[in-house]
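Those sequence lines, one after another, are chains A, B and C. For the first sequence, numbering that gives the first Met the number 0 assigns the number 0 to the initial residue and increments by one for each residue that follows. For the second sequence, numbering that gives the first Met the number 0 assigns the number 0 to the initial residue and increments by one for each residue that follows. For the third sequence, numbering that gives the first Met the number 0 assigns the number 0 to the initial residue and increments by one for each residue that follows. Glycine residues also receive a C-beta, built at the ideal position from the N, C-alpha and C atoms.
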Amino acid sequence: MFAGTLIASATMTIMSRDPVRSALFLVLSFFAAAALWILLTAEFLGLVLILVYVGAVMTLFLFVIMTSHRVDLTIKPSFSRYWPYALAIVLLFMLLALSVLSSYRTPSQLIRANVDNTAALGSILYTHYVYPFEIMGLLLLVGIIAAISLNPRVIRDRKQQDPSQQICVKPSDRIRLIKMKPSIRS
Amino acid sequence: MNEWVGLGILLFPLLGAAITGLCSLPPKAAHRIAISGIGLSFLLSLYGAYLIFFSSVNSIDFSFYLWRLTDAVHFSIGMLLDPLASIMIVVVNFVSLIVHIYSIAYMRDDPGYQRFFSYISLFTFAMLTLVSADNFLQLFFAWEAVGLVSYLLIGFWFKRPTANAASLKAFLVNRVGDFGFILGLGLIWRYCGSLDFNNVFNSVPVLVHQIISILPGTHWSVITVICLCLFIGAMGKSAQIPLHVWLPESMEGPTPISALIHAATMVTAGIYLITRLAPFFTYSPVALNVILIIGASTALFMGLLALVQTDIKRVIAYSTLSQLGYMMAACGCCAFSAAIFHLITHAFFKALLFLAAGSVILALHHEQDIRKMSRLRGSSLPITYVGFLIGTLALIALPPFSGFYSKDAIIEAVASSHLAASGYAYFCLLAGVVITVCYSLRVFFLVFHSKRTEPASIATESTVIKIALIALSIPAVIVGIILSHAHGFLNPSVFVQPIGYSTADQLSTLRMHAVVWPQVQIFSVPLCLLLAGVFITWCCYIKFPDLLDRLTNRFSTLYRILRANYGFDAFNDRVFVRGGIQLAKLFFKVDALILDEKFVNGSGRLISWFSRIFRTIQSGLLYQYTLVMILGLVLMMLAVVIVQWHLVWPRFLTEPGPVFLSA
Amino acid sequence: MIALNDYLIVSAVLFSLGLLGLMIHRRSIIHLLMSIELLLLAVNTNFIAFSYYFHSIAGQVFVFFILGVAAVEAAIGLAILLVLFRAKHDVDVDSLTSLKG
């Protein structure tokens, strides 16, 4: 059931013309996927998916869509001219994948749930995979810096002080003392 | 001590040449330095000749530098002064000295005065080196140097296009001869192992029966091939047919150098070479016959050409060609002493003729066409007249002038030779006697005795010219008598093996005795021919001048052939010059059109064509990139599946198909 | 019981839907970005399924990281979108041809 929901909403995501609508369908897909993951006893990740992905990334998506949304956007968009070819390619792909994957039979048994999923993740994340974990943090940092620096907030006409230059100022840049002889006319 | 004599002979002219060539001097200082250089060399050469001929010294042979390339290969630089070299050095130095003195007057107003003296001193140095070399490499070096200085001197007045063309022609034709020379040199090196004269000549008997096959299947005697190759070199230098074409053109240079180079010294280098190689030539009858034929033909045909020339210097040039043919013919029948004898006498009287002609040209203000010269006899050129007369009489071999002894020695040698071509040669040489008389007396009569009015202005002879002409006339008269007494004077230096057809040499030395001669001469064939020729010419030019015009009209075809120099120049022009230009054009076409256009530019165009095609793929459109990427991915998967189909296929059969999930 | 390959089929279908979306949306970058999110989701699902069926926690760890990367990439993509929008006032992909060769 969840899988069907997932596939259906994904289809609607790509088929809908309105970006808002497709974003909302994407949210629905994420919810269905999270449900699937919880079914597969990956509860932590499923919840993280909803919290982080839906909560943060999709919100961001919707925000950007709202910002860049033009009134006449609904008039213009259309599918690419080549959509039959694309459909053909993708169907081929699907066929291939399905034909290969259809015979993957493994014994289905429940996982040994001795340990809580979150604890299990945590115990392995901070020991064996601590290095990638740190690099992940770095990556996030880089992402933040990139996102910020891509949208500078410089308003050209405002007279604003630049702190880095202010620190470097010397008195001699601001004032010049001249000794003058007094000139007194009586 | 004797080595210093030899070195001094070589180095004084070089020093004179260097100083006058490199420093800027006033004219008087220039000619004084050059003349003193040559004069010192001349005195030393006289001393050397005295040593060799009159004292017990047989030869001065030394090498003063050994150039080692490897332990087995080394060349030496040295001198060999044996009687042959010594007498040639004396002759060269004497003629060069006279020419130097003469040039003071002849080149007086020329802006290249100093350069001229430097060149002729340099030439003297090169010629002396050639004659005194003790190995082939040094001889070849001097050979080339002489050719080079000849080029410089012929093109002395380099602003004249004809002079430039003539000097280039001389050099190129010389080069063709040098090609044969180098081949011969290589063969000597290969078969004798060294290039020193001593080593080479000692190994000659070993080489006699060796065979070389040039083309597969043909067998040639090594000695014959060497002789022929070296003879080609001598042909280039001594202007035999067909490499004679440069000598008449070389009259573009000033008259003193015509006297020095093209009468007395450089052209005799070929004769000298062949005489030096006498040990080789005596073993090769084939080569001797070739030399005989070519020499005799040159003697006759070039003499015929001299009959129809109108430029006074050209007549004397063709006369030189003819006399060189005589010398070659003498070499051809192994009468090397006679050849050298004629070389010596010819040097004197030909130089005399050239200088006298130069004096006439100078007097008539550089007019060289004999048809325009008129009665100069008894005018203000007495010494010139006498000098020209003496030279002419020596040339036509009237006794007791020097030419008589040497030329008759040659004719006798050819007559008594047993070679196959000697009959033809004898005929040619005898005919040449008559022709020689005709053309030389023709010039003499036309220049000095023609019945036209005297020219308006004649410059008088300068003292220097008088001295030079007198100085040359004396040997022209007496050298013949002197040397004919010295029978066998060259014997120690010319290593002739008596093998049957070389009896002429002993014959010449026996017959060259003045006492015997005068009684025989009245009835000797050449002398009769000579007198007949004198009579004919006198008739043509003095008695019945219009006889000549009628003869010219009767034999007009022959006349035209003679005027065109038998077509040698036309042939050379058509075949070699134009052919060379066509070949160059062909190469230009190949290079420019094919290599440049197709390969160089074509590869550039190919690359830009390719890049134009590839550029269309880069459209900058995002969707196209994604499309291509995904397409590539799908294709790759397809490829994998196809390749692994044998693994995948069974699964389709065993499995009931994909099972879709149920919620 | 639900077998592994069912999950894999779901994941494959999801992936191809993402590809389809990528290919047919020429005009708007937003749809492209959403298709990319779909792709990543498909891959994540794949990983989770494998992790469950092979009793290995490594799959989930990988998902963890992919999730993070996907979030960052979405954020930066949107930032670029905003910049483009500010520059051109248009969200048309076809006009981004400055990489044309």
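Whole-Å CB distance - I231 (chain B) paired with V221 (chain B), under 8 Å assumed:
Along the second sequence, one-based indexing puts residue 231 (chain B) at 232. Along the second sequence, one-based indexing puts residue 221 (chain B) at 222. In fact, because the Cβ distance is near 16 Å, the residues do not count as touching under 8 Å.
Pick from B:A362, B:V72, B:V476, B:S40 that is closest to V91 (chain B), judged by C-alpha positions:
Within the second sequence, residue 91 (chain B) is the residue found at index 92, counting from 1. Of the listed residues, the one whose Cα sits closest to V91 (chain B) is B:S40.
Indicate whether L5 (chain A) and A41 (chain A) have their beta-carbon atoms separated by less than 8 Å.
Taking the first sequence and counting its residues from 1, the one referred to as residue 5 (chain A) is at position 6. Taking the first sequence and counting its residues from 1, the one referred to as residue 41 (chain A) is at position 42. No. Outside cutoff.
Beta-carbon proximity list for F300 (chain B), same chain, < 8 Å, skipping 5 on both sides:
Here residue 300 (chain B) is taken as the residue at index 301 of the second sequence, counted from 1. If we look at F300 (chain B) and ignore the five residues flanking it on each side, its Cβ neighbours are I240, Y565.
Quick check on the burial criterion: 16 or more other C-beta atoms within 10 angstroms. Buried or exposed for W644 (chain B)?
One-based indexing of the second sequence puts residue 644 (chain B) at position 645. Exposed is the call here.
If the criterion is Cβ atoms closer than 8 Å, does the pair L66 (chain C) and L37 (chain C) meet it?
Here residue 66 (chain C) is taken as the residue at index 67 of the third sequence, counted from 1. Here residue 37 (chain C) is taken as the residue at index 38 of the third sequence, counted from 1. Remark: C-beta atoms of L66 (chain C) and L37 (chain C) do not approach each other more closely than 8 Å.
Between which two residues does the alpha helix (DSSP H) harbouring G77 (chain B) extend?
Within the second sequence, the letter at position 78 stands for residue 77 (chain B). Taken as a continuous stretch (DSSP letters only), G77 (chain B) belongs to no alpha helix (DSSP H), being part of the beta strand (DSSP E) at 73-80.
Could you tell me the boundaries of the alpha helix (DSSP H) in which W142 (chain B) lies?
Position 143 of the second sequence, counted from the start, is the residue given in the question as residue 142 (chain B). Boundaries of the alpha helix (DSSP H) harbouring W142 (chain B): 135-153, taken from the DSSP string.
Would you call the region 285-300 of chain B and the region 331-343 of chain B in contact, with 3 or more CB pairs under 8 Å?
Result yes; three or more Cβ-Cβ pairs closer than 8 Å.
Which first and last residues belong to the alpha helix (DSSP H) in which L61 (chain A) is found?
Counting from 1 along the first sequence, the entry for residue 61 (chain A) is found at position 62. From DSSP, the alpha helix (DSSP H) with L61 (chain A) extends over 58-66.
Enumerated in chain order, which unbroken segments of the alpha helix (DSSP H) with a length of 4 residues or greater are wholly contained in the region 568-645 of chain B?
Runs of the alpha helix (DSSP H) inside the region 568-645 of chain B: 578-588, 601-614, 621-642.
Does V633 (chain B) have its Cβ less than 8 Å from a Cβ in chain A?
Taking the first residue of the second sequence as position 1, residue 633 (chain B) is located at position 634. Judged by the 8 Å Cβ criterion, V633 (chain B) is in contact with chain A.
With the cut-off set at 8 Å, would you say A41 (chain C) and S10 (chain C) are in Cβ contact?
Residue numbering aside, residue 41 (chain C) sits at position 42 when the third sequence is read from its first letter. Residue numbering aside, residue 10 (chain C) sits at position 11 when the third sequence is read from its first letter. A contact, by the Cβ cut-off of 8 Å.
Beta-carbon separation of A28 (chain B) and S120 (chain B) under 8 Å?
Along the second sequence, read from residue 1 onward, the residue named residue 28 (chain B) stands at position 29. Along the second sequence, read from residue 1 onward, the residue named residue 120 (chain B) stands at position 121. Contact flag unset, no.
Compare the C-beta of M33 (chain C) with all C-beta atoms of chain B and state if any pair is closer than 8 Å.
Sequence index remark: in the third sequence, residue 33 (chain C) carries index 34 (1-based). Not an interface residue.
Using a C-beta to C-beta distance shorter than 7 Å, which residues of chain A count as neighbours of I616 (chain B)?
Within the second sequence, numbered from 1, the residue matching residue 616 (chain B) stands at position 617. Within 7 Å Cβ-Cβ: nothing; I616 (chain B) doesn't reach chain A, min ~16 Å.
For R107 (chain B), which of helix, strand or coil comes out of DSSP?
Walking along the second sequence from the start, residue 107 (chain B) turns up at place 108. Three-state result, R107 (chain B): coil.
Quick check: what's the CA-CA separation for H218 (chain B) versus G422 (chain B)?
Sequence index remark: in the second sequence, residue 218 (chain B) carries index 219 (1-based). Sequence index remark: in the second sequence, residue 422 (chain B) carries index 423 (1-based). Computed Cα separation, rounded: 28 Å.
Taking the CB atoms as reference points, tell me whether A146 (chain A) and I75 (chain C) lie closer together than 8 Å.
Locating residue 146 (chain A) in the first sequence gives position 147, where the first residue counts as 1. Locating residue 75 (chain C) in the third sequence gives position 76, where the first residue counts as 1. For A146 (chain A) and I75 (chain C), yes; Cβs fall inside 8 Å.
Run through the DSSP bridge pairs and tell me what Y64 (chain B) is partnered with.
For this step, residue 64 (chain B) is matched to residue 65 along the second sequence. DSSP, once it has assigned bridges, lists B:I76 as partnering Y64 (chain B).
Could you give the DSSP three-state label for A329 (chain B): helix, strand or coil?
Numbered from its first residue, the second sequence carries residue 329 (chain B) at position 330. The answer is helix: DSSP assigns A329 (chain B) an H, G or I state.
By alpha-carbon positions, which one of B:L351, B:I560, B:R553, B:T19 ends up nearest to A475 (chain B)?
Walking along the second sequence from the start, residue 475 (chain B) turns up at place 476. Among B:L351, B:I560, B:R553, B:T19, the Cα nearest to that of A475 (chain B) is on B:L351.
Could you pull the DSSP bridge partners for W219 (chain B) from this structure?
Working through the second sequence from its first residue, we reach residue 219 (chain B) at position 220. Answer is B:I211, bridged to W219 (chain B).
Taking the alpha-carbon positions, what's the G5 (chain B) to L80 (chain B) distance?
On the second sequence, position 6 is the one that residue 5 (chain B) refers to. On the second sequence, position 81 is the one that residue 80 (chain B) refers to. Looking at the two C-alpha atoms, the distance is approximately 8 Å.
Residue-chain proximity (I629 (chain B), chain C), Cβ-Cβ < 8 Å:
Numbered from its first residue, the second sequence carries residue 629 (chain B) at position 630. Judged by the 8 Å Cβ criterion, I629 (chain B) is in contact with chain C.
Helix, strand or coil at D195 (chain B) according to DSSP, with G and I counted as helix:
Position 196 of the second sequence, counted from the start, is the residue given in the question as residue 195 (chain B). Strand, per DSSP.
As assigned by DSSP and simplified to three states, the class of D368 (chain B):
By one-based count along the second sequence, residue 368 (chain B) stands at place 369. Reduced to three states, the DSSP call for D368 (chain B) is strand.
In the DSSP assignment, find the unbroken alpha helix (DSSP H) run with Y565 (chain B) in it and report its ends.
Walking along the second sequence from the start, residue 565 (chain B) turns up at place 566. No alpha helix (DSSP H) holds Y565 (chain B); DSSP gives it neither H nor E.
Spatial neighbours of K465 (chain B) in its chain, beta-carbon cut-off 7 Å, leaving aside the 5 residues before and after:
On the second sequence, residue 465 (chain B) is found 466 positions in, with the first residue counted as 1. The residues are I382.
Could you confirm whether any beta carbon from chain C is found closer than 8 Å to the beta carbon of L171 (chain B)?
By one-based count along the second sequence, residue 171 (chain B) stands at place 172. Output row for L171 (chain B): interface = no.
At a CB-CB cut-off below 9 Å, which residues of chain C make contact with G54 (chain A)?
Here residue 54 (chain A) is taken as the residue at index 55 of the first sequence, counted from 1. Here the premise fails: no neighbours, minimum Cβ distance about 11 Å.
Tell me which residue opens and which closes the alpha helix (DSSP H) that P255 (chain B) is part of.
Residue mapping note: residue 255 (chain B) aligns to position 256 of the second sequence, counting from 1. Segment 254-258, the alpha helix (DSSP H) holding P255 (chain B).
Cβ of L91 (chain A) within 8 Å of any chain B Cβ:
The residue you call residue 91 (chain A) lines up with position 92 of the first sequence. Yes, its Cβ sits closer than 8 Å to a Cβ of chain B.
Alpha carbon to alpha carbon, what distance is there between F157 (chain B) and S166 (chain B)?
On the second sequence, residue 166 (chain B) is found 167 positions in, with the first residue counted as 1. On the second sequence, residue 157 (chain B) is found 158 positions in, with the first residue counted as 1. Using only the alpha carbons, I get a separation of about 9 Å.
In whole angstroms, what is the alpha-carbon distance linking L561 (chain B) and H73 (chain B)?
Working through the second sequence from its first residue, we reach residue 561 (chain B) at position 562. Working through the second sequence from its first residue, we reach residue 73 (chain B) at position 74. Rounded to the nearest whole angstrom, the CA to CA distance from L561 (chain B) to H73 (chain B) is 50 Å.
Tell me the rounded alpha-carbon separation between L206 (chain B) and I273 (chain B).
Indexing the second sequence from 1 puts residue 206 (chain B) at position 207. Indexing the second sequence from 1 puts residue 273 (chain B) at position 274. Going from the Cα of L206 (chain B) to the Cα of I273 (chain B) covers about 18 Å.
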